[in-house]
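Trainee:
There are 2 protein chains.
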Amino acid sequence: MGKEKKVAPDTNAALIIIDMQKAIYEPYWSEFGPRNNLEAEASLAQMVQKWRESGRRVIFIRHDSTDLNSAYRAGTDTHAFIENLLPKEEDVIISKNTNSSFIGSSLISKLSENGISQLFFAGVKTNNSVEATVRMSGNLGFQSYLLEDCCFTFAMKDFSGQIWSAEDVHNITLANLNDEYCRIIGSEQVDL
Amino acid sequence: MGKEKKVAPDTNAALIIIDMQKAIYEPYWSEFGPRNNLEAEASLAQMVQKWRESGRRVIFIRHDSTDLNSAYRAGTDTHAFIENLLPKEEDVIISKNTNSSFIGSSLISKLSENGISQLFFAGVKTNNSVEATVRMSGNLGFQSYLLEDCCFTFAMKDFSGQIWSAEDVHNITLANLNDEYCRIIGSEQVDL
Chain F
1 MGKEKKVAPD TNAALIIIDM QKAIYEPYWS EFGPRNNLEA EASLAQMVQK
51 WRESGRRVIF IRHDSTDLNS AYRAGTDTHA FIENLLPKEE DVIISKNTNS
101 SFIGSSLISK LSENGISQLF FAGVKTNNSV EATVRMSGNL GFQSYLLEDC
151 CFTFAMKDFS GQIWSAEDVH NITLANLNDE YCRIIGSEQV DL
Chain S
1001 MGKEKKVAPD TNAALIIIDM QKAIYEPYWS EFGPRNNLEA EASLAQMVQK
1051 WRESGRRVIF IRHDSTDLNS AYRAGTDTHA FIENLLPKEE DVIISKNTNS
1101 SFIGSSLISK LSENGISQLF FAGVKTNNSV EATVRMSGNL GFQSYLLEDC
1151 CFTFAMKDFS GQIWSAEDVH NITLANLNDE YCRIIGSEQV DL
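In order, the protein sequence lines correspond to chains F and S. 1 is the number of the first residue of the first sequence in our numbering; add one for each residue after it. 1001 is the number of the first residue of the second sequence in our numbering; add one for each residue after it.
Shown next as structure tokens:
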């Protein structure tokens, strides 16, 4: 992971926080076992504060599900952003209703309007909306970083019926992404 | 997997074959262990023949890498399509140079021109170009199917240094994709 190596974000880099809404605390996500990275919210809250203080842009991606059974459905209590990660006046909120933050949303036009080409990602779940978004980000040519300690996921049952721990699922996503779609780093490597 | 349930493709459905070029037989892919689904090429060749006979469209996605170290680099011997899966006159060939077949290629315009909204995917590697493409396909609103026995991948070292077998990596990709981005089926379920 090269934890020792610092990364200095461009002055125009954006921090993109994906789907960090109360919905992610609903028990159904843990059907096959608990989440990983219990410190993710605290690490991300610290990152957000430093990022804002540096004058850089924070973008909140908000999942507005149209699925009646989803805790992410707009209009429900669990659709709200989680308490210690609330957008401020100066932040940008972008709505999506599919996994990738780049599809059916205003993200690309917002980045383009503001000349932003370097993106730092965090949020949930590592292997779903985060992975779908980061794969597209790299393929679209954005210089992409994933803050792996500011993401988390849950245990999963695979297609053969085998259960994988959240840590395993998380690590396989990171391996799929690293140096192919983005560079994986820890939040402590970000030099603001 | 619901292997018993047959799926009848729309008359206008396309079979999309991703990156099945000789490059995939280069030894470097097996650095961490062998591939899975040894019958994938044979199953896919059979599928392609039946698909063509039914009058439906076959689309070959060809990876034209610009990376000097890639066996997929255009102009090399290994850039060629593999012997038993060669395009015919009536097939479509679409070039790409990133992981997702939808980015920087003419795939979307080709599908749109021909009013194609239902896609059946096969190819390599399950957890890289196939997964990146199928995630986007579902998110873009195409009715998407993945023929899991007509795909394969290789063993992988994850981010913690642990080695996963090709079968495990394959199964975790299928679990990420199924019912979220596409429906996973076996080629024997396709009712042509």
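For glycine and all other residues, C-beta sits at the position ideal for the given N, C-alpha and C. Note that the coordinates shown come from a computational prediction; the quantities given were computed from them, not determined experimentally.
Which stretch, first to last residue, makes up the alpha helix (DSSP H) that contains I1172 of chain S?
Mentor: A1166 to L1177
Trainee: With distances taken Cα to Cα, identify the nearest neighbour of S1101 of chain S among S:A1074, S:F1060, S:F1159 and S:S1187.
Mentor: S:F1060
Trainee: Kindly say whether S95 of chain F, judged by its beta-carbon, lies nearer than 7 Å to any beta-carbon of chain S.
Mentor: no
Trainee: Mapping the DSSP letters down to three states, classify M1156 of chain S as helix, strand or coil.
Mentor: Here M1156 of chain S sits in strand by DSSP.
Trainee: So R62 of chain F contacts chain S; which residues on that side make the cut at Cβ distance below 9 Å?
Mentor: Result: empty, since nearest Cβ-Cβ is about 16 Å, beyond 9 Å.
Trainee: Quick one: complete beta strand (DSSP E) runs, 3+ long, within the stretch 72 to 130 of chain F?
Mentor: 92 to 96 and 118 to 124
Trainee: So is A1132 of chain S in contact with chain F if we call contact Cβ pairs under 7 Å?
Mentor: yes
Trainee: Report the CB separation of L1147 of chain S from A1166 of chain S in whole angstroms; it is logged as a contact under 8 Å.
Mentor: That pair is no contact at about 17 Å.
Trainee: Name, please, each residue of chain F whose Cβ falls closer than 8 Å to the Cβ of I1100 of chain S.
Mentor: It should be pointed out that residue 1100 of chain S corresponds to Ser in this sequence rather than to Ile. Within chain F, the residues near S1100 of chain S are R135, M136 and N139.
Trainee: For chain F, check one thing: does any of its Cβ atoms lie closer than 7 Å to the Cβ of A1071 of chain S?
Mentor: Not flagged as an interface residue toward chain F: A1071 of chain S, since no C-beta distance is shorter than 7 Å.
Trainee: Against D158 of chain F, what residues of chain S qualify as contacts under a CB-to-CB distance less than 8 Å, listed in chain order?
Mentor: Simply D1168, N1171, I1172, L1174 and A1175.
Trainee: Kindly say whether G2 of chain F, judged by its beta-carbon, lies nearer than 7 Å to any beta-carbon of chain S.
Mentor: Here the model assigns G2 of chain F a pLDDT of 48, short of 50, so the residue's position is not dependable and the matter cannot be decided.
Trainee: Tell me which residue opens and which closes the alpha helix (DSSP H) that R52 of chain F is part of.
Mentor: In the DSSP assignment, R52 of chain F falls within the alpha helix (DSSP H) that extends over A40 to E53.
Trainee: Between I1116 of chain S and chain F, is the shortest Cβ-Cβ distance under 7 Å, so that the two count as touching?
Mentor: The beta carbon of I1116 of chain S does not come within 7 Å of any beta carbon belonging to chain F, so the residue lies off that interface.
Trainee: Checking contacts by CB at 7 Å: is I1108 of chain S closer than that to chain F?
Mentor: no
Trainee: Kindly list, in the order they appear in chain F, the residues whose Cβ is closer than 8 Å to that of W1164 of chain S.
Mentor: I172
Trainee: Quick one: residues in its chain with C-beta nearer than 6 Å to the C-beta of G2 of chain F, no 5 flanking neighbours on either side, listed in chain order?
Mentor: Low per-residue confidence applies at G2 of chain F: pLDDT is 48, beneath 50, and the placement is therefore not dependable enough to give any value.
Trainee: Whether or not the stretch 1151 to 1163 of chain S and the stretch 1087 to 1107 of chain S are in contact is what I'm after, with contact meaning three or more pairs of Cβ atoms, one per stretch, closer than 8 Å; do they touch?
Mentor: no
Trainee: Could you check what DSSP says for S70 of chain F in three-state terms: helix, strand or coil?
Mentor: Here S70 of chain F sits in coil by DSSP.
Trainee: At 8 Å on the CB atoms, spell out the chain S contacts of I185 of chain F, in chain order.
Mentor: The contact set of I185 of chain F on chain S, defined by CB atoms closer than 8 Å, is empty, because the minimum CB distance reaches about 12 Å.
Trainee: State the Cα-Cα distance for the pair V1190 of chain S and T98 of chain F, rounded to the nearest angstrom.
Mentor: 27 Å
Trainee: Within 10 angstroms of the Cβ of K6 of chain F, are there 16 or more other Cβ atoms? Answer buried if so, exposed if not.
Mentor: exposed
Trainee: Below 8 Å on the Cβ atoms is my contact criterion, and I expect A80 of chain F with K22 of chain F to pass it. Report the Cβ-Cβ distance as a whole number of Å.
Mentor: 5 Å
Trainee: Taking L10 of chain F as the reference, give the member of F:E180, F:Y145 and F:C150 with the closest Cα.
Mentor: Reading off the sequence, residue 10 of chain F comes out as Asp, not Leu. Of the candidates F:E180, F:Y145 and F:C150, the one whose C-alpha sits nearest the C-alpha of D10 of chain F is F:Y145.
Trainee: Please classify Q162 of chain F: does DSSP put it in a helix, a strand, or coil?
Mentor: coil
Trainee: Could you tell me the distance, in whole angstroms, from the CA atom of S1137 of chain S to the CA atom of S129 of chain F?
Mentor: 14 Å
Trainee: Restricting to Cα atoms, I'd like to know which of S:F1120, S:G1141 and S:R1135 is closest to D1149 of chain S.
Mentor: The residue with the shortest Cα to Cα distance from D1149 of chain S is S:F1120.
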